[in-house]
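First up is the structure itself, then whatever we jot down about it.
Residue numbers (the working numbering): 28 to 970.
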């Protein structure tokens with residue numbers, strides 16, 4: 028078609044000056060010419076050899092004329108006017124680097140006229156049309172040192188092509204000059220212009236075709252069914268495929284992807300190689316039922332080994348609920364675990380890729396926290412590649428006055444100085460070009476980088492939505508848009524890369540394969556197994572009663588204590604810490620009862636010494652919120668921030684496993700999600716997340732609901748994450764009393780979690796060792812009393828740690844009677860309230876009348892052990908569940924039916940505790956004391 032147009036005689040001869048004038052006007056303002064000429068001039072850039080960002084010629088001609096009239100400056104003198112212009116040119120170049128993205132051609136819908144950025148006008152910097160032919164010096168490295176001097180017209184042309192084409196770059200806010208220089212050279216050296224071969228372009232078109240055709244095929248085959256189409260953003264699929272195919276050249280062997288539901292089905296089929304017939308079975312409700320609950324098809328994960336030019340690439344798509352961005356820290360934690368398993372090359376070999384929606388990226392706080400972790404010691408993964416499918420709408424909200432308070436949805440990434448590469452989604456070549464730039468940047472600087480694919484959403488939020496109800500203007504533009512595939516196909520036809528019938532042939536070939544439930548090209552390897560694969564079979568189907576030897580020989584405890592109570596020579600301990608270490612030596616020798624901090628430390632020391640790594644993170648995990656752990660010691664005379672700390676558990680033995688304790692960022696949601704992801708990929712390690720106070724975990728409720736409690740029943744994901752939640756009613760008010768036991772117990776079913784509330788230090792030791800040593804991989808939630816950490820009665824003798832000792836799910840009454848037949852009332856409880864009950868029982872002389880049984884494991888409920896203890900008191904008429912928490916909270920409503928099941932005919936099951944309350948605890952100390960007194964009296968029937 029273009030050959031015919033170029034042959035039209037009316038474009039030449041005497042009409043040439045008129046045509047040139049029209050073209051000059053078009054370059055200055057495309058809307059100043061009529062639609063026919065506007066279309067013709069815009070198609071010129073598609074021609075082979077055409078300059079992508081042309082500039083008007085008239086000012087250049089005038090500039091040459093003026094240059095000829097200007098007399099040369101005398102040798103040895105400085106032309107002040109020329110010096111000002113030189114400064115102006117450098118300022119203009121800087122303006123393009125800072126603000127060029129604002130004038131870039133990014134929106135495929137072209138809903139708004141081109142943005143006029145005043146700082147990009149030469150006149151703004153004291154330059155005029157008369158200066159266009161003048162040659163100006165550029166800074167060192169500008170445009171990859173193409174020349175020492177260039178005419179202003181050529182400088183502007185290169186600036187426009189680099190910064191204002193289909194790619195917009197933001198990077199000048201980065202404080203590191205080496206990074207800025209690298210990005211500048213990368214894009215200016217290539218003028219932001221992809222240079223793919225004809226074969227590569229055909230391959231890109233096939234991928235765009237696959238993405239579009241799959242969506243349209245599903246749209247007609249399964250009318251009205253939700254799939255969250257990626258139509259309008261098909262280039263994201265092309266870019267992701269490009270990343271997987273090319274990341275291997277830098278040593279990447281594994282890619283882990285986190286994304287929400289938009290485009291997920293397309294990624295499953297066209298990227299990971301899921302068979303279309305399997306997807307169709309899910310649409311038709313014929314998929315095999317493998318899990319107790321399962322999940323909808325656009326939440327499911329998948330993993331594949333993909334053939335690439337650089338060898339097999341293991342690709343995992345993480346499972347994700349509808350909470351959009353919450354999967355991001357989960358992916359980062361999983362990546363970190365896999366990187367650690369691979370050793371020193373781990374960061375280069377395992378790459379995290381997070382795919383976002385535009386509104387969710389800037390809107391959801393978990394992204395801020397994930398970015399905040401990205402460069403910290405305990406959480407970095409050596410850089411993440413972020414891809415934003417920016418369809419310029421969030422559900423029904425598209426007005427930027429409502430969606431955000433920033434210019435771009437990607438501005439959140441600037442908090443970690445991550446560069447942002449904006450790209451027009453209608454240009455698959457440009458998308459792949461910036462993907463390669465992102466890969467190269469990550470390899471060079473081990474930092475996060477963001478690709479903003481500006482596109483559109485062809486349909487509603489889901490396929491049953493009518494977007495015209497709320498976005499009539501946007502969807503008029505969408506209805507007129509031919510689609511990315513058609514635009515790209517026309518471009519390749521114009522370039523002579525393909526024939527029109529080739530484009531149609533690609534569509535038909537893909538549809539034919541879908542009709543058979545197959546792929547056009549099979550890239551998934553079916554007979555390859557990575558050497559880094561974890562064998563999960565030994566963890567599947569295990570019972571919580573699996574017996575392990577968690578006790579240790581006394582000599583081993585002594586030997587371990589000798590190691591972790593030693594410090595380097597001339598290390599100046601704080602007096603409190605020095606006293607603590609001396610106390611631990613005495614505890615190991617059996618001279619003092621062992622407290623909770625010591626119990627934990629023995630557990631960790633024994634594990635790392637025998638090859639099981641331990642990872643603990645939380646806001647105060649090094650010291651412990653309540654100063655009980657002291658896993659990190661600090662030299663009181665340290666003078667440098669990066670010297671003077673000592674972690675004894677890292678120095679237990681020559682070939683020990685890792686011990687890592689991290690004082691985390693001040694966040695619960697992202698950090699808990701991160702540790703969940705880490706634990707899911709490291710079943711052989713003890714992974715612990717610790718809340719500063721137990722109720723702070725409510726900031727991570729989505730992680731608890733969607734991953735920890737239900738990940739196994741929905742997705743078959745086993746996870747051994749241990750969560751420590753400080754809990755107990757000590758008069759500290761509503762926010763520092765309850766870890767919300769009732770919420771956790773409400774989520775318990777199908778033996779999905781373990782909920783324990785230990786009352787003795789040795790119990791903490793055994794439960795931690797049991798969690799690591801068993802092959803039972805379920806989340807463990809420990810409700811840890813703050814008060815008991817230093818409460819002498821809760822400390823344990825050395826014999827409770829030695830061989831033959833173990834965790835006791837139920838602890839029977841400690842009173843020795845002549846005849847248990849005297850017991851009329853059985854009080855059952857969990858946690859620290861036991862000591863209040865026992866003290867009151869002693870003070871009131873009720874040892875023969877009342878037995879107190881402690882339920883240390885609330886779920887899975889230990890029926891056999893509890894029934895054995897209850898059977899000791901045949902004449903008891905009452906079973907009283909006693910708790911510190913209000914009646915509508917705590918364990919009562921989730922435990923009552925269990926007690927009734929175990930009770931004998933005629934036995935009454937009743938409650939003693941605080942009255943129902945809208946608040947977890949009272950704030951008045953006097954009221955706290957009065958409530959405690961009352962619940963003890965109720966439990967023991969003192970009145």
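Beta carbons are placed, not taken as given, at the ideal position from N, Cα and C, and that holds for glycine.
Start-to-end residues for the alpha helix (DSSP H) that takes in residue i
i, result
"residue 796", "788-800"
"residue 782", "Element bounds for residue 782: not the alpha helix (DSSP H) but the beta strand (DSSP E), 781-783."
"residue 924", "919-929"
"residue 505", "499-507"
"residue 514", "511-521"
"residue 863", "860-870"
"residue 975", "Residue numbering for the chain in the displayed model covers 28 to 970; residue 975 lies beyond these limits and cannot be assessed."
"residue 118", "107-126"
"residue 707", "696-707"
"residue 247", "225-248"
"residue 623", "623-636"
Top-ranked residue by Cα proximity to residue i, from the options
i, options, result
"residue 279", "399, 473, 224, 652", "473"
"residue 714", "776, 722, 634, 770", "634"
"residue 408", "644, 835, 790, 701", "701"
"residue 718", "876, 743, 767", "767"
"residue 471", "518, 902, 410, 461", "410"
"residue 13", "478, 445, 446", "The structure shown does not extend to residue 13, since the chain spans only 28 to 970, so no value can be given for it."
"residue 816", "730, 953, 933, 621", "621"
"residue 782", "836, 822, 824", "836"
"residue 905", "431, 674, 935, 810", "935"
"residue 164", "153, 154, 176", "176"
"residue 224", "691, 811, 525", "525"
"residue 215", "938, 183, 763", "183"
"residue 581", "372, 831, 854", "831"
"residue 220", "436, 192, 211, 527", "192"
"residue 398", "367, 476, 340", "476"
"residue 856", "270, 791, 795, 926", "926"
Range of the contiguous beta strand (DSSP E) that encloses residue i
i, result
"residue 717", "713-717"
"residue 939", "935-941"
"residue 644", "641-645"
"residue 344", "340-344"
"residue 133", "Note, residue 133: premise wrong, no beta strand (DSSP E); not H, not E."
"residue 459", "Where residue 459 is concerned, there is no enclosing beta strand (DSSP E), although the alpha helix (DSSP H) it sits in stretches over 455-472."
"residue 750", "749-754"
"residue 193", "Per DSSP, residue 193 belongs to no beta strand (DSSP E) and is neither H nor E."
"residue 381", "377-384"
"residue 367", "No beta strand (DSSP E) contains residue 367, which is instead part of the alpha helix (DSSP H) from 354-369."
Presumed contact (8 Å Cβ cut-off) between residue i and residue j, rounded CB distance
i, j, result
"residue 423", "residue 389", "With 8 Å as the limit, residue 423 and residue 389 do not qualify as a contact, their Cβ atoms being about 17 Å apart."
"residue 640", "residue 712", "4 Å"
"residue 239", "residue 512", "5 Å"
"residue 646", "residue 693", "6 Å"
"residue 120", "residue 186", "6 Å"
"residue 300", "residue 546", "7 Å"
"residue 909", "residue 957", "Residue 909 to residue 957, Cβ: 17 Å. No contact."
"residue 519", "residue 248", "Wrong, their Cβ atoms sit about 28 Å apart, outside the cutoff."
"residue 729", "residue 696", "7 Å"
"residue 439", "residue 498", "So it is not a contact: roughly 24 Å between Cβ atoms."
"residue 705", "residue 642", "7 Å"
Is there contact between the stretch 752-760 and the stretch 800-807, where contact requires at least three CB pairs shorter than 8 Å? When Cβ pairs closer than 8 Å are counted between the two stretches, the stretch 752-760 is seen not to touch the stretch 800-807, the count staying below three.
Stretch-stretch touch, CB-based, cutoff 8 Å, three pairs: the stretch 270-289 with the stretch 377-394: The stretch 270-289 is in contact with the stretch 377-394.
Say whether the stretch 414-431 touches the stretch 317-333, bearing in mind that this needs 3 or more beta-carbon pairs closer than 8 Å, one atom from each stretch. The stretch 414-431 is not in contact with the stretch 317-333.
Okay, do the stretch 669-687 and the stretch 740-753 touch, 3+ Cβ pairs below 8 Å being the bar? Taking a cut-off of 8 Å on C-beta distances, the stretch 669-687 does not touch the stretch 740-753, as fewer than three cross pairs fall below it.
Under 8 Å: do the stretch 529-536 and the stretch 232-242 share three or more Cβ pairs, one atom per stretch? Contact check between the stretch 529-536 and the stretch 232-242: three or more CB pairs, one atom from each, fall below 8 Å, which counts as touching.
So within the stretch 266-334, which uninterrupted beta strand (DSSP E) runs reach at least 3 residues, ignoring any that extend past its ends? DSSP assignment within the stretch 266-334 yields the following whole beta strand (DSSP E) runs of 3 residues or more, N-terminal first: 281-286, 329-333.
Touch check for the stretch 609-617 and the stretch 863-883: three-plus C-beta pairs under 8 Å? Contact fails: fewer than three Cβ-Cβ distances are below 8 Å.
Could you say if the stretch 289-302 and the stretch 325-339 meet the contact criterion of at least three C-beta pairs nearer than 8 Å? With a cut-off of 8 Å, the stretch 325-339 and the stretch 289-302 count as touching, because enough Cβ pairs lie within range.
Evaluate contact between the stretch 914-923 and the stretch 837-849, counting only Cβ atoms and requiring at least three cross-stretch pairs below 8 Å. No, because fewer than three Cβ pairs between the stretch 914-923 and the stretch 837-849 fall closer than 8 Å, the two stretches do not touch.
Spell out a yes or no on whether the stretch 197-210 and the stretch 136-147 are touching, meaning 3 or more CB-CB pairs, one atom from each, closer than 8 Å. The stretch 197-210, when compared against the stretch 136-147, does not touch it at the 8 Å Cβ threshold.
Per the contact definition of three or more C-beta pairs closer than 8 Å, is the stretch 447-462 in contact with the stretch 255-268? Taking 8 Å as the limit for Cβ pairs, the verdict is that the stretch 447-462 does touch the stretch 255-268.
Extract the residue ranges of the beta strand (DSSP E) inside the stretch 715-740, only unbroken runs of 3 or more that lie entirely within it. Correct list: empty.
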